[in-house]
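Visitor: In my numbering, the protein residues as written are 7 to 267. Ideal Cβ placement from N, Cα and C applies to all residues, glycine included. On a predicted model such as this, the values are computed, not experimentally measured, just so you know. I am attaching a structure below and will ask some questions about it afterwards.
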Amino acid sequence: MLPGLAGVIKKPDAVTEIRPTAVYLMHDVIKVREAKGVAFQLRVPSLRIDQGEQIALIGESGSGKSTLLDMLAFILQPSAAGAFRFRPGEDEYPVDVEDCWQNKKLNRLGDLRKRHIGYVMQTGGLLPYLTVSQNIGLSRNVLGLKRDGTVGHLAEALRINNQLKKLPADLSTGERQRVAIARALAHRPAIVIADEPTASLDPYAAENVMSLFLTVAKEFNSTVILATHAWRHVRELGLRRLSHRTTHSQDSSLTETVVNG
Ligand SMILES: Nc1ncnc2c1ncn2[C@@H]1O[C@H](COP(=O)(O)OP(=O)(O)OP(=O)(O)O)[C@@H](O)[C@H]1O
Ligand SMILES: [Mg+2]
């Protein structure tokens, strides 16, 4: 190189990859469930879920989908964990979930769940004596959040805005599922966990509800983790599928599922 050029030629800028915040980080997490000599073990060697991701967990009945979702919602304590961290957003401190379980900081876990997680249960879990509008607004009320039009907006986005005064018993199954989804999103949680939210719907209605759900969750910037049987829609809707392998012992007394992702 000519001596005069040494100071002129610039080194290329270092390529810095900006990765979204990891909402969940798990290493070597195990949950054992056992009753009457029949044991099930869920093993998670390594799992990372980033902010804003939409994740699908697909597996046969009894393969541990609800078990994993309940651990992610801090409802179920792992039997053992190498590491289990949770960070709802980049402005929030990471939480050592395993430490909370070990040291019985259950109020802390409950508080994290209430503020940052919305859970759509398989059965809907709507309160029968509250109207649709009151059911949707429940999570906001519990947190003391002001009325800001979110309930109405969600009802419109999920096409249940003409059902707001009804009780859950006066709704169709698909409408009930959409109310449960609206309720899980109403406090604008960082994470929405949904356990087979469309299981009781016909395939056309399931695809419709799923697509409305994912669209609203994206608008709210929520990370979505859902268990589903709707194999076909997962690919079409662009969800990331967690890898999942289930094996049974010869005498069927032990089933093990390994999840990675
Ligand atoms: N409280 C419990 N005590 C003992 N075993 C349990 C308990 N709850 C669930 N299991 C067992 O753990 C395994 C996983 O159950 P889980 O509910 O996570 O499955 P799943 O994939 O959600 O199934 P489904 O698709 O039917 O909802 C099953 O074999 C189940 O029998
Ligand atoms: Mg289940």
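Buried or exposed: which applies to Thr221, given that a residue is buried once 16 or more other Cβ atoms fall within 10 Å of its Cβ?
Guide: exposed
Visitor: Let's see if you can read the secondary structure: which residues bound the beta strand (DSSP E) around Met32?
Guide: Ala28 to Ala41
Visitor: Kindly list the residues whose CB is nearer than 8 angstroms to the CB of Pro51, restricted to its own chain and excluding five residues on each side of it in sequence; keep chain order.
Guide: Taken in chain order, the residues that qualify are His33, Asp34, Val264 and Asn266.
Visitor: Just to confirm the assignment, what range does the alpha helix (DSSP H) spanning Leu75 have?
Guide: Lys71 to Leu78
Visitor: When the Cα atoms are used, what is the spatial distance from Lys71 to Gly65?
Guide: Each residue's Cα considered, the two are about 7 angstroms apart.
Visitor: Return the chain-ordered list of same chain residues with a C-beta closer than 8 angstroms to the C-beta of Gly130, the five sequence neighbours on each side being excluded.
Guide: Pro174, Arg182, Gln183, Val185 and Ala186
Visitor: Note the first and the last residue of the continuous alpha helix (DSSP H) segment covering Asn227.
Guide: First-last for Asn227: undefined, no H or E at that position.
Visitor: Here's a check: name, in chain order, each residue in its chain whose Cβ is nearer than 8 angstroms to the Cβ of Leu144, leaving out the five neighbours to either side.
Guide: Leu133, Leu136, Arg189 and Ala192
Visitor: Span of the beta strand (DSSP E) holding Asn141?
Guide: Under the DSSP assignment, Asn141 falls outside any beta strand (DSSP E), being part of the alpha helix (DSSP H) whose first and last residues are Val138 to Val148.
Visitor: Assign Val215 to one of two classes, buried (16 or more other C-beta atoms within 10 Å of its C-beta) or exposed (fewer than that).
Guide: So Val215 ends up on the buried side.
Visitor: Rank Asp176, Asn113, Ala86 and Pro26 by C-alpha distance to the C-alpha of Glu104 and give the top, closest one.
Guide: Ala86
Visitor: Looking only at C-alpha atoms, which of Leu74, Val38 and Leu31 sits nearest to Leu260?
Guide: Val38
Visitor: Identify which residue in Ile61, Gln57, Thr73 and Gly180 has its Cα closest to the Cα of Asp97.
Guide: Gln57
Visitor: Could you name each continuous alpha helix (DSSP H) segment of 4 residues or more that falls completely within the segment 202-264, going from the start of the chain to the end?
Guide: 209-225 and 237-242
Visitor: Is it true that the CB of Ile81 sits closer than 8 angstroms to the CB of Ile231?
Guide: The answer is no: Cβ separation not under 8 angstroms.
Visitor: In or out: Thr73 buried (at least 16 other Cβ within 10 Å) or exposed?
Guide: buried
Visitor: Closest to Asp154 by CA distance: which of Tyr125, Ile166, Arg194 and Thr179 is it?
Guide: Looking at the Cα atoms, Arg194 is the closest of the given residues.
Visitor: At the level of alpha carbons, what is the spacing between Asp76 and Arg91?
Guide: Asp76 and Arg91 have their alpha carbons spaced roughly 15 angstroms apart.
Visitor: State the Cα-Cα distance for the pair Thr252 and Lys152, rounded to the nearest angstrom.
Guide: 45 angstroms
Visitor: Please go through the same chain and pick out, in chain order, the residues whose beta-carbon is closer than 6 angstroms to the beta-carbon of His250, but skip the five residues on each side of it.
Guide: Gly65 and Val265
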